[in-house]
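Comments concern the structure below.
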Amino acid sequence: MADQPTYDVANDLIDRIVGLKPGSRTYEVRHQREKVAVATQGSYDALFDASLDADISLTERLLVALYACRLTPAPELATHYSERLLAVGCDAALVEIADRGEPKDVADTRLAAMLQFTRTLIEDPVEGDKAALLALPAAGISTPAVVALSQLIAFLSYQVRLIAGLQAMKASEEAHA
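In terms of the numbering used here, the sequence shown opens at residue 51 and continues consecutively.
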């Protein structure tokens, strides 16, 4: 089994986005069960690893992430994903489309289907039914990619809610300081 990457608390994405620092009450609460923070960062690292072979490119995963963050909305996290997209050389027009939130503007039917599925699961998860799932293979998305996409969207929902909760806790902590 390959060695697992070491958790680097200084590069924890959630802590950076929320602005958590060691010694603050919110930071201490988040890290009380360190294995959860480690698992969250590990999931992020794995889902956005360029070498991940899930039939979905890193660019597609990042576009889905940006789109999901704009729909939610989670502006700080959306900025992070937008910056990552630009850093990997994504076409600025695609970044703009994901940022505006209009899958119908994407010429690539595969990516448009991924963004539409993301919208469905974020805005009306009850509609994420058999028909919504079958639209993905119809757009040329393999079964492993459908599974990976669903896992990615679930993780993004968790990540967005975790950040929102921690931001609320931090604001309360600062208001009562």
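Backbone N, C-alpha and C fix where the C-beta goes; we use that ideal spot for every residue, glycine too.
Distance, Ala-185 Cα to Leu-113 Cα: Leu-113 and Ala-185: Cα-Cα distance of roughly 19 angstroms.
Please confirm whether Asn-61 and Gln-91 have their CB atoms less than 9 angstroms apart. Yes; because the gap between Cβ atoms is below 9 angstroms, this pair is in contact.
Every unbroken alpha helix (DSSP H) within the stretch 103 to 150, with a cutoff of 4 residues, ordered by chain: Here the runs fully enclosed are 108 to 121, 125 to 137 and 142 to 150.
Same chain only: Cβ atoms within 6 angstroms of Ala-148, ignoring 5 sequence neighbours per side: Sequence-distant Cβ neighbours of Ala-148 in its own chain, meaning closer than 6 angstroms and more than five residues away, are Leu-113, Leu-116 and Tyr-117.
Using 8 angstroms as the cut-off, can you tell me whether the stretch 72 to 89 makes contact with the stretch 176 to 191, which would need three or more C-beta pairs spanning the two stretches below that distance? Contact between the stretch 72 to 89 and the stretch 176 to 191 is absent, because fewer than three Cβ pairs lie under 8 angstroms.
Identity of the residue in Glu-223, Asp-105, Ala-100 and Phe-167 nearest Leu-121 by Cα: Comparing Cα positions, the closest option is Phe-167.
Assuming contact is defined by CB atoms lying nearer than 9 angstroms, are Ala-137 and Ala-214 in contact in what I supplied? No, the Cβ-Cβ distance between Ala-137 and Ala-214 is not below 9 angstroms.
What residue from Gln-209, Ser-107, Lys-180 and Ala-227 has the CA that sits closest to Val-86's CA? Closest in alpha carbon position to Val-86, among Gln-209, Ser-107, Lys-180 and Ala-227, is Gln-209.
Candidates Leu-165, Asp-158, Thr-109 and Asp-155: closest to Arg-134 by CA position: The residue from Leu-165, Asp-158, Thr-109 and Asp-155 with its alpha-carbon nearest to that of Arg-134 is Thr-109.
Which residues in the same chain as Met-51 place their Cβ atom closer than 8 angstroms to its Cβ, once the five residues preceding and following it in sequence are excluded? Note that Met-51 scores a pLDDT of 41, beneath 50, so its modelled location is shaky; the value from the coordinates is reported in the next line. Contacts found: none.
Asp-105 and Ala-182 - do their beta-carbons sit closer together than 9 angstroms? In this structure, Ala-182 lies away from Asp-105, with their beta-carbon atoms at least 9 angstroms apart.
Within 9 angstroms, strictly: CB atoms of Leu-161 and Leu-144: A contact, by the Cβ cut-off of 9 angstroms.
Rounding to the nearest angstrom, what Cα-Cα distance links Ala-218 and Ile-64 in this structure? Distance between the alpha carbons of Ala-218 and Ile-64 is about 13 angstroms.
So, helix, strand or coil for Val-156, using DSSP? Correct three-state label for Val-156: coil.
Buried versus exposed, by CB contacts within 10 Å (16 or more), Ala-111: Note that residue 111 is Arg in the sequence shown, not Ala. The residue is buried, with at least 16 neighbouring Cβ atoms inside 10 Å.
For a minimum of 4 consecutive residues, which ranges assigned as the alpha helix (DSSP H) are wholly contained in the stretch 174 to 224? Within the stretch 174 to 224, the complete alpha helix (DSSP H) runs of at least 4 residues fall at 180 to 188.
How big is the Cα-Cα spacing for Asp-103 and Pro-194? Cα-Cα distance, rounded: 10 angstroms.
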